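Protein chains in written order, with this note's numbering: chain A, 1 to 202; chain D, 1001 to 1585.
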């Protein structure tokens, strides 16, 4: 990997719409692992359309590589559509849960204030512990760990990233296109070919 | 048929409305074979085993309609199916059992994926309730084969079989073809179900095999070609897979552009065609490699810029505008940045392009290729085809063979020096005449692939050309030849070395010949053990007559030809070098 390539690397959000099929997760995952690329975050869940799943995958790569990966994912039989975006092109959130001893919060007013400042919301309150929830960017959820650590943070978990594409019109109209048996008369859609200048330079 | 009686009993009780299609009760195994028949399958290459016994039991009643070729090893089975598919253009079908039967398909699947060969492999699997329990001969073949199949699917219920197979055939043969594996658990094979009539698959909503051609790219491509002073066409197997040989020829002949081929594209345009300037790549012809870096417009048709073709990428055709015609969008811009991407089926895009290009001859540009060819003849080809040395060369064997077959034979090659020689010098008049393992470079491919090629094109002579290394990897398939009586001519070019590795060790590792000195059995005796006639040729004087004897022999014949031990294949683009740095010696 040249020095230039490492400079050009940044976080990309890959969004894939797929059929709900056993084994597809593996088929997609190996497209990354075969190139020894680490998946930083992976979320798979049902989309707004019944029967269609949405993958949100975060990787650190150059645009050149991400473009090729996206096409190779889209090539898989059960994948309908793949988009990739930089962080600037998406609105993204991660959710985090924090388990802290209830007595600490009850006794120390400062903790309550810190939680409020960080937008945390109590999900469960028990005699022995309380679970708080926040959503936000990595730095925000990380920050609350740091805040709570001195006060006996018992357990922490963070979800994968989910991201909404700022420029997207959604998938409903696109799906109708896919379901049509006869090919549309509109020019073949391939976003990579449409925006070629941005895709690849040797 | 066996199941008709059963369905006759069950059908009247259904009392279904008249519009409902008639169903037929049968086992999953029978439904599997009915699906194959509906897809036009006539030949299956396979090997039975515990988890696929129900399908083999059903096959017992289909012997008249389905020709099952019992191979000697599942790898031989899948390579035979590849040879069948490559020679006939049809989907190759393989049966194997679970566990080791299925894992023995792995090399062939990888080979078929990288060489875009349509296959449907059906593997037996342990009972569904045993999945994940490390049952006898259980292997997770779906996960093993995910990276090496275009699609795969596990059937655990008989009801799924027709749809799974319909999708399998559709996916295997459409778009850029490739191998599909369907894993069927034993319970699904045994289970009886009321099957509706078979419906072939023609649409999968998440899969678009053939893109819609964009006219603006055709126009842009034609404009570039019309302005070009030194245009150069590279074609690959896409022309053959797209059955676009005529369209390709029309394009070339109108535009007058010199055209060179990848080894998988060989034969799409006859060897003798005046616009055919030769082979690309590491051991390709001199002119096509050197002039790749001098052309002004490079038109790549159904090829994927493999590293063996391009050499060093950052010094590859940097001066040229690149037009890339391909059906697979992942190939466009993958290795070489294109100026105009013509995404589509070349059978469709080539005529559109032909209509817009101007008729030209490019005489000065062709002269460049001719001059380079003259240099190559002087430096390499003359001595290879008409040697003055005492020892025989691989090239003269191919030359003599050409004279006898006149380019009408299907040539099946293995991997190594003999492969490069055969691809460089074999005369091919027809498409689908050159069957070789290109992308994966699978030694052991040729013998079984030749068997399959003969089943795929029984009316054409099939000649397997194999090295003394590769033949020992799948030599057991002589048993398949013996049992089926299939007529395959086998030439073993024996240089008593693993020649290609030896050549690299000579050129790049200081002649440190590390484990390339390979001994052979007496092949003629081995062949005779299988009831196959054979002969060993040690002197040039016997060569032509022996080749003639082989070709005229009724049935299979093995010809072992002792060739020079330490010949090197030239020209050569050393690894890491640009195509312009090709060495003539």
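Yeah, the Cβ is synthetic: ideal placement off N, Cα and C, and Gly gets one too. Just so we're clear, the structure is a prediction, and the values are computed from it rather than from any experiment.
Environment of residue i [buried if 16+ CB atoms lie within 10 Å]
{"i": "residue 1347/D", "result": "buried"}
{"i": "residue 1508/D", "result": "exposed"}
{"i": "residue 1576/D", "result": "exposed"}
{"i": "residue 1371/D", "result": "exposed"}
{"i": "residue 1367/D", "result": "exposed"}
{"i": "residue 150/A", "result": "exposed"}
{"i": "residue 1666/D", "result": "Because chain D is modelled from 1001 through 1585, residue 1666/D falls outside the range shown and cannot be assessed."}
{"i": "residue 1049/D", "result": "buried"}
{"i": "residue 1189/D", "result": "buried"}
{"i": "residue 1207/D", "result": "buried"}
{"i": "residue 1529/D", "result": "exposed"}
{"i": "residue 1161/D", "result": "buried"}
{"i": "residue 7/A", "result": "exposed"}
DSSP three-state assignment for residue i, whether helix, strand or coil
{"i": "residue 124/A", "result": "strand"}
{"i": "residue 1045/D", "result": "strand"}
{"i": "residue 1211/D", "result": "coil"}
{"i": "residue 1279/D", "result": "strand"}
{"i": "residue 129/A", "result": "strand"}
{"i": "residue 1092/D", "result": "strand"}
{"i": "residue 1165/D", "result": "helix"}
{"i": "residue 1012/D", "result": "Unreliable positioning characterises residue 1012/D in this predicted model, as indicated by a pLDDT of 47, which lies under 50. A coordinate reading is not provided."}
{"i": "residue 45/A", "result": "strand"}
{"i": "residue 40/A", "result": "coil"}
{"i": "residue 1301/D", "result": "strand"}
{"i": "residue 1086/D", "result": "helix"}
{"i": "residue 1392/D", "result": "coil"}
{"i": "residue 1428/D", "result": "coil"}
{"i": "residue 1435/D", "result": "strand"}
{"i": "residue 104/A", "result": "helix"}
{"i": "residue 1520/D", "result": "coil"}
{"i": "residue 1340/D", "result": "strand"}
{"i": "residue 1145/D", "result": "helix"}
{"i": "residue 1578/D", "result": "strand"}
{"i": "residue 113/A", "result": "helix"}
{"i": "residue 1510/D", "result": "coil"}
{"i": "residue 1407/D", "result": "coil"}
{"i": "residue 1484/D", "result": "helix"}
Cross-strand partners of residue i (DSSP beta bridge)
{"i": "residue 1526/D", "result": "In the DSSP output, where bridge partners are listed per residue, residue 1526/D has none listed."}
{"i": "residue 1194/D", "result": "1025/D"}
{"i": "residue 1536/D", "result": "1560/D"}
{"i": "residue 60/A", "result": "11/A"}
{"i": "residue 1464/D", "result": "1412/D and 1490/D"}
{"i": "residue 163/A", "result": "92/A"}
{"i": "residue 1258/D", "result": "BP columns for residue 1258/D are empty, so no partner."}
{"i": "residue 155/A", "result": "99/A"}
{"i": "residue 1445/D", "result": "In the DSSP output, where bridge partners are listed per residue, residue 1445/D has none listed."}
{"i": "residue 1288/D", "result": "In DSSP, residue 1288/D forms no bridge with anything."}
{"i": "residue 52/A", "result": "19/A"}
{"i": "residue 1107/D", "result": "According to DSSP, which records beta bridges pairwise, residue 1107/D is partnered with nothing at all."}
{"i": "residue 1572/D", "result": "1583/D"}
{"i": "residue 1311/D", "result": "1578/D"}
For residue i, the first and last residue of its enclosing alpha helix (DSSP H)
{"i": "residue 1561/D", "result": "Unbroken run through residue 1561/D is the beta strand (DSSP E), 1557-1562; no alpha helix (DSSP H)."}
{"i": "residue 142/A", "result": "138-148"}
Range covered by the beta strand (DSSP E) that runs through residue i
{"i": "residue 1121/D", "result": "1119-1125"}
{"i": "residue 1154/D", "result": "1151-1155"}
{"i": "residue 16/A", "result": "10-19"}
{"i": "residue 1204/D", "result": "Here residue 1204/D belongs to no beta strand (DSSP E), and DSSP marks it neither H nor E."}
{"i": "residue 167/A", "result": "Run containing residue 167/A: none; DSSP gives neither H nor E here."}
{"i": "residue 93/A", "result": "90-101"}
{"i": "residue 1232/D", "result": "1231-1235"}
{"i": "residue 1323/D", "result": "1321-1326"}
{"i": "residue 83/A", "result": "79-86"}
{"i": "residue 1068/D", "result": "1067-1070"}
{"i": "residue 1179/D", "result": "1179-1185"}
Cβ separation of residue i and residue j, assumed to be a contact under 8 Å, to the nearest whole Å
{"i": "residue 1492/D", "j": "residue 1471/D", "result": "5 Å"}
{"i": "residue 77/A", "j": "residue 28/A", "result": "In fact, because the Cβ distance is near 12 Å, the residues do not count as touching under 8 Å."}
{"i": "residue 1354/D", "j": "residue 1254/D", "result": "5 Å"}
{"i": "residue 1231/D", "j": "residue 1296/D", "result": "7 Å"}
{"i": "residue 9/A", "j": "residue 62/A", "result": "5 Å"}
Beta-carbon neighbours of residue i, restricted to chain C and to distances below 8 Å
{"i": "residue 1504/D", "result": "Annotation note: the requested chain C is absent from the structure, which comprises protein chains A and D."}
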